[in-house]
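Everything on this sheet refers to the single structure shown next.
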Amino acid sequence: MSLETSQINELHWLMEMLHTIDVGLVVLDRDYKVQIWNGFMENHSGLLPREVKDKVLFPLFDEIPEAWFKRKAESVFLLKNKAFTIWEQRPYLFKFQNYRPITGAADYMYQNTTFIPLMSATGVVTHLCLIIYDVTDNASHKKDLVQANKELAILSQTDGLTKLFNRTHWEHCLQAEYKRWIRSQNPSCLVMIDIDNFKVVNDTYGHVVGDEVIRHISGLIRHHVRETDVSGRYGGEEFVILLADTTLDNGKVFAERLREEIEKSIVKYNDIDVKYTVSMGIAEIDNSIESYEAWIEFSDLAMYRAKDAGRNQIALHTNPVA
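Heads up: the sequence shown is residues 25 to 346, going by the working numbering.
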C-alpha cells in the first residue's frame with residue numbers, strides 16, 4: 025500500500041468517525057458559515073450537510089442568540105482558548121427534540137457545548153469547532169433530584185393532617201420574627217386558636233370526624249392568611265398564626281373575621297353535620313415579652329381567658345408595663 029493510499033484511508037476513517045460519533049460536531053469559519061456538519065447534527069436537525077454547507081448559522085437556527093454566541097466565539101478566536109456552556113446556564117444551543125426513552129418527559133435535548141479554536145499552520149485561528157453533548161439524562165435526573173429535595177423540605181416543615189407548618193418550623197419562624205422585632209420594633213401578633221369542646225366531637229362522632237373538623241379549620245386558616253403570615257399546628261386541636269407587621273387592633277379584626285366564618289360553617293361527613301366554634305388569644309410583641317417562648321405563653325394564656333369567659337370569643341394580651 026502506497027503512502028498516498030494509506031493517507032487517503034486514514035482521512036476516510038477519520039471522517040467516518042467524526043460523522044458517526046454520538047456527539048454533535050460543527051465547524052464554522054470566521055463568517056459563521058457551516059463547513060462541517062456531522063451525522064449527529066444531521067439526525068437531530070433534519071438538515072443534510074449539503075443543505076447547511078457555506079450557510080450562516082444564525083438564520084438556520086433562530087433559537088441561537090446571535091449577539092451572545094458571537095461574544096463567546098470572538099473570545100475563542102482572539103484568545104485561542106476553549107470556551108464552554110453548560111445546560112444549567114443555557115439549557116441548549118440547538119433546540120433539538122428529546123427522543124431519549126429514559127427522559128421522555130423532557131421536551132428538548134439538554135446540551136453542554138465546547139467551543140474549540142482551530143488554527144492554521146501559521147498559528148492563526150481560522151475556524152471554530154463546536155462539540156455538542158446530549159446531557160438530557162443527567163440534566164433530567166438532577167432536576168428531578170432538586171424537585172424531590174424541595175418536596176422533602178416542604179414535607180419536613182408540614183403537618184401531614186392539616187398541611188399547615190409543623191411546630192418545629194413555625195417556632196423557628198416565630199424565633200426569627202422575635203429577633204426581627206428586637207431590631208426593627210415593627211408590630212407583629214401571634215394568634216392562638218383552640219377548637220371548643222373538641223373532645224365532645226371525638227367522643228360523639230369518632231376520630232375520623234374529628235380529623236375532618238381539623239382539616240376544615242386548617243383550610244379556613246389557609247384561606248384567610250396572607251402570604252407573609254405563618255400558620256401552623258400547635259398540637260391536637262390547637263393552631264397558631266403569626267401575623268407579621270400587624271398591630272393588636274388589626275390582629276383582632278383578622279381573628280374576628282375568622283372566628284365568625286368558623287361559627288357559621290358546617291362540617292359534613294357522610295350523613296353527619298358538625299358545627300363547632302373556636303376560642304382565640306392574641307398577643308402583640310412588646311417589651312414585656314422577653315423571648316419567643318414567652319410570646320407563645322402569653323397568647324396561650326389569652327386564649328384560655330377566652331375559654332374561661334364562655335368560649336367562641338377572642339381575648340387579648342395587654343402589656344402590663346405599658
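Ideal placement from N, C-alpha and C gives every residue a C-beta, glycine not left out. As the structure is a prediction and not an experimental result, all values here were calculated from the model.
Can you name, in chain order, every residue of its own chain whose Cβ lies under 6 Å from the Cβ of residue i, other than the five neighbours on each side?
i	result
A339	G305, A326, R329 and A330
V149	F101, K104, P141 and M143
A97	L152
I45	none
D78	K57
G48	F64, M65 and I156
R207	none
E262	D218
F120	H68 and M133
V51	Q59, I60, H151 and C153
Can you look up residue i in the DSSP assignment and give me helix, strand or coil?
i	result
M216	strand
F118	coil
S223	With the sequence shown as reference, residue 223 is identified as Lys, and Ser is not the correct amino acid for it. Reduced to three states, the DSSP call for K223 is helix.
D158	strand
S238	A quick correction: the sequence has Ile, not Ser, at residue 238. I238: helix per DSSP, three-state reduction.
F108	strand
D131	coil
K57	strand
G48	strand
F348	The structure shown has nothing for residue 348, since the chain only spans 25 to 346.
N274	helix
V249	coil
N62	coil
N136	strand
D168	helix
Y328	helix
A333	coil
P89	coil
S71	Inspection of the sequence shows that residue 71 is occupied by Leu rather than by Ser. Reduced to three states, the DSSP call for L71 is coil.
E201	helix
E317	helix
T228	helix
What are the partner residues of residue i, as DSSP defines its beta bridges?
i	result
V291	V298
L266	L214 and V254
P141	L152
H341	A307
T182	F189
N173	Answer is none; N173 lacks a bridge partner.
G259	E262
V80	K57
Taking only the alpha-carbon atoms, compute the straight-line gap between residue i and residue j and give it to the nearest angstrom.
i	j	result
L185	N122	40 Å
E195	V298	31 Å
A177	V215	25 Å
I320	Q135	52 Å
E287	R281	10 Å
R246	I217	14 Å
T270	I110	46 Å
D324	I241	18 Å
H165	A130	11 Å
L84	L267	56 Å
V254	I265	6 Å
K132	H68	According to the sequence shown, residue 132 is Tyr rather than Lys. Their Cα atoms are separated by approximately 11 Å.
D220	D332	11 Å
V80	V170	38 Å
T301	F278	16 Å
N294	P211	44 Å
D86	V249	46 Å
N226	N274	33 Å
Q181	R54	55 Å
G70	G147	35 Å
Y229	N336	21 Å
K106	F189	49 Å
L27	R74	The predicted position of L27 is uncertain, since its pLDDT is 48 and thus under 50; no value can be drawn from it.
Y116	K167	15 Å
K292	F118	55 Å
E308	R114	48 Å
At least one CB of chain B closer than 8 Å to the CB of residue i: is that the case?
i	result
V159	Given the protein chain composition of this structure (a single chain), no chain B is represented.
Should residue i be listed as close to the ligand ADP, given that the test is whether its C-beta is under 7 Å from any heavy atom?
i	result
A326	Judged by which ligands are present, the structure shown has none, so any question about the ligand ADP falls away.
Could you name the residues of the same chain whose beta carbon sits closer than 8 Å to that of residue i, not counting the 5 residues immediately before and after it, in chain order?
i	result
L244	L282, E285, I286 and S289
Y82	Looking at the sequence shown, residue 82 is not Tyr but Phe. Answer for F82: Y56, I88, E90 and F93, listed in chain order.
K276	I306, I338 and L340
S315	Y202
F108	N136, T137, T138 and F139
Cutting at 7 Å between CB atoms, please list the residues of its own chain near residue i, excluding the five before and the five after it.
i	result
V76	V58, W61 and L84
E112	none
S303	D218, D220, M327, A330, K331, R335, N336 and Q337
State whether the region 233-240 contacts the region 160-176, with contact taken as three or more CB pairs (one from each stretch) at a distance under 8 Å. Contact between the region 233-240 and the region 160-176 is absent: fewer than three C-beta pairs spanning the two stretches fall below 8 Å.
Between the region 188-206 and the region 255-275, can you find at least three pairs of beta-carbon atoms closer than 8 Å? These segments touch.
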